[in-house]
Amino acid sequence: MIHARFNLAYPGFALQTDIQVPSRGITALFGPSGSGKTALLRCIAGLERTQDGLLRVHGEVWQEGAIFLPVHRRRVGYVFQEASLFPHLSVRRNLEYGLQRIPQTERKVRLEQVKEWLGLEKLMDRSDPAGLSGGERQRVAVGRALLTSPRLLLMDEPLTALDSAGKQEILPYLERLHRELEIPVLYVSHALDEVVRLADHLVMLEQGRVIASGTLNETLSRLDLPTAHQDDSGTVIEAKVAEHDVIYHLTRLDFSGGTLWVSKLERATGEIVRARVLARDVSIATDSPLGTSISNILAARITDIREQEPGRVNLRLAIGNEHVLLSRITRRSCDQLGLAVGMDVFAQVKSVALTA
Amino acid sequence: MDISFSEADLSAIWLTVKLATVVTLVLLLIGTPIAWWLARTRSWWKGPVGAVVALPIVLPPTVIGFYLLMAMGPDGPLGWITQSLGLGLLSFTFAGLVVASVFYSLPFVVQPLQNAFENIPERMLETAATLRASALDSFFSVVLPLSKPGLLTATVLGFAHTVGEFGVVLMIGGNIPDRTRVVSVQIYDHVEAMEYAHAHWLSAAMVLFAFVVLLVLYTFNPTGKRK
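Those protein sequence lines, which keep their order, are chains A and B.
In terms of numbering that gives the first Met the number 0, the first sequence has 32 at position 33, counting the first letter as 1, and numbering is strictly consecutive.
In terms of numbering that gives the first Met the number 0, the second sequence has 35 at position 36, counting the first letter as 1, and numbering is strictly consecutive.
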C-alpha cells in the first residue's frame, strides 16, 4: 500500500491530494491538463519538494515532516513523457545505467526479462539512441526504469509524445508488463482509451484535487463524475475467451453477467481479455427483444439515471453481480419506456471494442 | 641564419608551456564548479559573480596585473596569507604567475563551460536521479560527457590565452630568466635589444601555434553540431 498526501502551492495552482494506492496493478492518475497529475507524480518521485507532505511506500517512510529522502535514494522507476535517453550512451549502456547503481541484493529484475518483455533484443547494440523511433526510445526508457528494480513505477504520460503508430506499437508491451509486473504502477494520462486498456484503479484529479478514486469500473460508472459524460465514456468487462465460431467468424466471451459475441479474436480460449463497451453503443429494451440484428443482449438492472445534457440521459446498469455498463439514451426514450432506478431491463450492446 | 632558437628562447618556451599547462589544469578544477554554479543557480549573486569572472575580458592586463601585484605584496591580503603560511611572497615567482594567469584566463574557461552546462536539459539530471545517481555521480556520468565540446573549447582557450598573455606577466613576474620570462616577454626583450631575427623566430612560432590551436578547435568542434 502506498499512502501519498501532498499540499503544494504555486501561483495559480494548488495541489491538495491524499491518496492510497494498492500494492499491485496499474493505478491511473487521470484528469485534464493542469489538474495536477504530473505534479503529484513528481512529488512522489521527490523531484518536487513540498513543505507539507507524507509519503509511505510499503511501510517505508519516504517523506514525513523533516524526513525527505532524496530522489536518488528512492526506489522508484520514472518514465517521462519524452524518453529522455542519455544521448552519449548506447542502448545497452542506457539500460544498464540504473542497474549498475543498485546493490546486487536489490536486483530483482534481470536484463534478460526486460529485453523479452519489451522486445529490446534487436535494439541492444544500437549506439545512437537518437536514431530510434519514438516507440523504441520509450520502450528502452521503460526498460531502463524497470532495471532499477523499483518498488513503484511512475509513468508520466509515456504515450503522449508518440504518434498513433508509436502508441499502437508500444501498448501491447505495456499490457504485457501489466500482466508480468508485481509492483504497483502509477500511470498518468489524460486519454481515456489508454486508461481503459491498462488501468485497474483510477484516481481522478481536477484542479489539484482528487475528485474520485476506486477500481476502474467503479469510477468509470459513476454518473456524478465528468468521465461519464464524455463522448467516449463507457466501462470495461473482463471476460474469458470461450469459443471461436469459424463459420461466422465470431468469438464468444464469457463473464459472470452473461456472454458477448465479438468479431473473431486471435486469442486462445481461456485467455482473459478486456472488452470496452461505450455508453453510446448500449440501448435499452424493457422486454427481451425479438427480431433484432443485435446479437449481444444482456439482462440488466438500472442502478442510476442522470441527465447529461438537455434531452440526453445516462444510465448505469448492473450486469450480474460484478459488472456494470453505461447506456446513453434520449430523455424521450427514457420517459416513454418509463425507466426508473431498480427496473430490470435488457441492454442491447451494438458494439464492443477489444482492448487487450 | 644559423641558429633558430637561443638557449634563452628555449627556456622561455619551456616556461611558457609549463605555465600554460599548470594554469589550464587549475582553471579546469576551479572553473568547472564556478561554471556549474553560474549555469544552474537562480541566486541573486549570479550577476555579480558572472561580472567579476568576465572582468579580465574588458580590463587592460596592466590594471589586473597592478592590483594583483598589490594584493600579493607584503601589505596585500594575498601576501598576508602566503606569508602567514610561511610561503613568502608570490610576486616575481612562478607561483605568482600561475595565480595571476588563472585570474586573467578565468572567463575563457568559465564561459564555454557555462554555455555547455546551460545546454544540458534539467530533464537529463532528473532522469539520472531517478536512476539512482547522486548529484556528483550524474555530474561525472552525464554532465561532463555531454559537455565534451565545451570542455575542449575551455581547455584550448584557457591554454592559448595563457600562452598569449603579456601585460599581467610583466607586472607580476617581471622578467626573470627561467622563472618568469615567458615567450611574450622574451620577444619584447629581443625587440628592445634590436635582435629582430630572434624576435621573428619566436613571433612566427607564436603565430603558428595560435593558428594550429584555432584550427583544431574549429575542425573538431564545429559549433551547432550538437542538437
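The C-beta atom is built at its ideal place from N, Cα and C for all residues, glycine as well.
Cutoff 8 Å; reference residue i; Cβ partners in own chain excluding five residues on either side
i, result
"residue 83 (chain A)", "140"
"residue 154 (chain B)", "23, 27, 108"
"residue 211 (chain A)", "201, 202, 203, 218, 221, 224"
"residue 20 (chain B)", "158"
Residue i - DSSP class collapsed to helix/strand/coil
i, result
"residue 1 (chain B)", "Model confidence at residue 1 (chain B) stands at a pLDDT of 47, short of 50, so the residue's coordinates are unreliable and nothing is read from them."
"residue 308 (chain A)", "strand"
"residue 224 (chain B)", "Below a pLDDT of 50, predicted positions are generally treated as unreliable, and residue 224 (chain B), at 46, falls in that range; no measurement from the model is reported."
"residue 195 (chain B)", "helix"
"residue 69 (chain B)", "helix"
"residue 174 (chain B)", "coil"
"residue 291 (chain A)", "coil"
"residue 74 (chain A)", "coil"
"residue 251 (chain A)", "strand"
"residue 229 (chain A)", "coil"
"residue 6 (chain A)", "strand"
"residue 280 (chain A)", "helix"
"residue 82 (chain B)", "helix"
"residue 56 (chain B)", "helix"
"residue 139 (chain B)", "helix"
"residue 29 (chain A)", "strand"
"residue 63 (chain B)", "helix"
"residue 202 (chain A)", "strand"
C-beta neighbour in chain A for residue i, strict 8 Å
i, result
"residue 151 (chain B)", "no"
"residue 148 (chain B)", "no"
"residue 112 (chain B)", "no"
"residue 96 (chain B)", "no"
"residue 145 (chain B)", "yes"
Pairwise C-alpha distance: residue j and residue i
i, j, result
"residue 212 (chain B)", "residue 108 (chain B)", "15 Å"
"residue 270 (chain A)", "residue 177 (chain A)", "15 Å"
"residue 350 (chain A)", "residue 280 (chain A)", "6 Å"
"residue 86 (chain B)", "residue 94 (chain B)", "10 Å"
"residue 31 (chain A)", "residue 146 (chain B)", "37 Å"
"residue 70 (chain B)", "residue 84 (chain B)", "15 Å"
"residue 132 (chain A)", "residue 219 (chain B)", "29 Å"
"residue 126 (chain B)", "residue 45 (chain A)", "12 Å"
"residue 151 (chain B)", "residue 168 (chain A)", "41 Å"
"residue 327 (chain A)", "residue 222 (chain A)", "11 Å"
"residue 189 (chain B)", "residue 66 (chain B)", "28 Å"
"residue 209 (chain B)", "residue 143 (chain A)", "45 Å"
"residue 153 (chain A)", "residue 184 (chain A)", "6 Å"
"residue 262 (chain A)", "residue 236 (chain A)", "16 Å"
"residue 336 (chain A)", "residue 134 (chain A)", "49 Å"
"residue 8 (chain B)", "residue 132 (chain B)", "50 Å"
"residue 345 (chain A)", "residue 247 (chain A)", "24 Å"
"residue 276 (chain A)", "residue 157 (chain A)", "25 Å"
"residue 139 (chain B)", "residue 195 (chain B)", "49 Å"
"residue 245 (chain A)", "residue 333 (chain A)", "38 Å"
"residue 192 (chain A)", "residue 230 (chain A)", "12 Å"
"residue 32 (chain B)", "residue 161 (chain B)", "20 Å"
"residue 40 (chain B)", "residue 97 (chain B)", "28 Å"
Below-8 Å beta-carbon distance, residue i vs any chain B residue
i, result
"residue 83 (chain A)", "yes"
"residue 101 (chain A)", "yes"
"residue 141 (chain A)", "no"
"residue 79 (chain A)", "yes"
"residue 200 (chain A)", "no"
"residue 20 (chain A)", "no"
"residue 75 (chain A)", "yes"
"residue 285 (chain A)", "no"
"residue 37 (chain A)", "no"
"residue 70 (chain A)", "yes"
"residue 147 (chain A)", "yes"
Closer than 7 Å: residue i CB and nearest the ligand ADP heavy atom
i, result
"residue 286 (chain A)", "Of ligands this structure carries none, so the ligand ADP is not represented either."
Neighbourhood of residue i by C-beta, 6 Å cutoff - its chain only, sequence neighbours within 5 removed
i, result
"residue 149 (chain A)", "74, 75, 76"
"residue 157 (chain B)", "23, 26, 104, 107, 108"
"residue 141 (chain B)", "123, 127"
"residue 228 (chain A)", "307"
Cut-off 7 Å between Cβ atoms - residues of its own chain near residue i, not counting five sequence neighbours on either side
i, result
"residue 155 (chain A)", "37, 40, 78, 79, 80, 187"
"residue 173 (chain B)", "91, 179"
"residue 60 (chain A)", "66"
"residue 149 (chain B)", "111, 112, 114, 115"
"residue 198 (chain A)", "25, 26, 27, 186, 215"
"residue 5 (chain A)", "14, 16, 39, 42, 49, 52"
Chain D residues whose Cβ lies nearer than 7 Å to that of residue i
i, result
"residue 276 (chain A)", "Reference to chain D is not applicable here, since the protein chains of this structure are A and B."
- Item | Against chain A: residues of the segment 115 to 140 of chain B by CB proximity under 9 Å | 120, 122, 123, 125, 126, 127, 128, 129, 130, 131, 132, 133, 134, 136, 137, 140
- Message: Beta carbons nearer than 9 Å to chain B: which residues of the segment 45 to 56 of chain A have them?
- Response: 45, 46
- Listed in chain order, which residues of the segment 90 to 119 of chain A have Cβ atoms closer than 8 Å to some Cβ of chain B? 96, 97, 100, 101
- Message: Please list, in chain order, the residues of the segment 57 to 70 of chain B that have any C-beta partner in chain A closer than 8 Å.
- Response: From the segment 57 to 70 of chain B, no residue has a Cβ closer than 8 Å to chain A.
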